[in-house]
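Yeah, the sequence shown ends on 244 if you go by numbering that gives the first Met the number 0, and it's all consecutive. The beta carbon of each residue, even a glycine, is placed where N, CA and C say it ideally should be. Notes follow the structure.
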Amino acid sequence: MTNYADVSFRPAAVKPVECLKGGWELVKSQYWLFLGLTVVGMLIGALGPLGILIGPMMCGIYLAFFNTRRSAPIEFGILFKGFDYFGQSFIATLIHTVPIMMIVLPVYLLFYVGLAVTVATQRDNHSSGPVIAVFVLFCVVFLVIMFLIMLLSVFFMFSFPLIVDRGLSGIDAVKLSFKAVLANFWRLLGLMFLNWFVGLLGLCCCVVGAYFVMPATLAATAIAYEQVFGLAGPNQNLPPRPPTF
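Laid out in structure tokens, this is it:
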């Protein structure tokens with residue numbers, strides 16, 4: 000297992016538009032295969048509690064991207080090779096998920112408590128104003144929270160690629176991802192907003208359109224990873240060993 004201190008990265012290296020173009024170039028020759036990988040991977044990833052399955056699925060998808068960049072053949076079964084990284088990817092997912100849950104759950108609790116109190120007081124004055132005010136306030140808070148979650152998620156962009164490509168442990172992958180993202184923050188934030196905008200366009204075309212652009216937007220993150228870290232040699236592409244205590 001690689002020591003994360005031995006992995007170097009380039010600051011200010013990400014070029015968002017080039018990443019998206021490169022992502023499309025990466026998947027277009029095998030688009031339907033990558034579409035199947037991403038859709039099935041996301042559906043399976045959504046099944047487990049606490050995102051327990053999303054880590055292995057994302058690792059399998061990135062493994063397909065990196066193998067394609069190395070001109071190695073891929074098949075649909077590569078998605079399930081992500082389970083070779085199950086333990087470390089789950090650790091990385093947990094580190095990502097816990098802070099989000101700590102933000103979201105109290106807000107939802109306060110909303111429902113506030114709504115219950117408002118509805119109870121509304122019975123006396125028969126006015127819908129307080130309910131509307133609570134709903135509008137919740138919408139504003141919800142948008143702020145979504146923005147904060149997006150900012151937080153930027154720092155985890157390279158966690159799964161580092162686990163797959165460099166064989167890092169989940170904790171080391173998160174640490175190194177944070178450092179590399181800080182050195183490329185605004186560019187990566189721009190890439191995230193660009194991916195979000197492309198996904199929104201796909202959603203506007205037809206509801207399932209967001210799925211059709213997903214291979215390119217995920218591949219754009221793989222290209223950004225390559226711009227920052229480069230790709231390891233194929234012999235380094237091994238699952239990390241279990242952590243020692």
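_Here's the rule: buried if 16 or more other CB atoms are within 10 angstroms of the residue's CB, otherwise exposed. What is R186?_
buried
Contacts around T216, its chain only, beta-carbon distance under 8 Å, and the 5 residues preceding and following it disregarded
L19, G22, N194, V197 and G198
* Please check the pair V39 and F33, which I expect to be a contact at CB under 8 Å, by giving their CB distance rounded to whole angstroms. => About 11 Å separates the two Cβ atoms, so there is no contact after all.
Q: Look at the alpha carbon of F82 and the alpha carbon of V227, and state the distance between them as a whole number of angstroms.
A: 25 Å
- Item | Span separating the alpha-carbon of P10 from that of L108 | 40 Å
Among F134, P48 and A223, which residue has its Cα nearest to the Cα of F89? P48
Report task. Could you tell me if F159 is buried or exposed, where buried requires 16 or more neighbouring beta carbons within 10 angstroms of its beta carbon? Result -> buried
query: Is V180 near F157, with beta carbons less than 8 Å apart?
result: yes
Checklist entry - If L249 and V163 are in contact, beta carbons under 8 Å, what's the gap, nearest whole angstrom? => result Outside the shown range of the chain (0 to 244) lies residue 249, about which nothing can therefore be said.
Original post:
In terms of residues, what are the limits of the alpha helix (DSSP H) holding Q226?
Top reply: G208 to F228
Beta-carbon contacts of V6 that lie in its chain and below 8 Å, excluding the five residues immediately before and after:
L161, R165, L167, L175 and F228
(request) Assign P10 to one of three DSSP states: helix, strand, or coil. (result) coil
- For the alpha helix (DSSP H) holding M56, just list the boundary residues, first then last. I53 to R68
Would you say L62 faces chain C, with C-beta separation under 8 Å as the test?
The structure shown contains no chain C; it holds only a single protein chain.
May I ask which residues mark the beginning and end of the alpha helix (DSSP H) holding M41?
Y30 to G44
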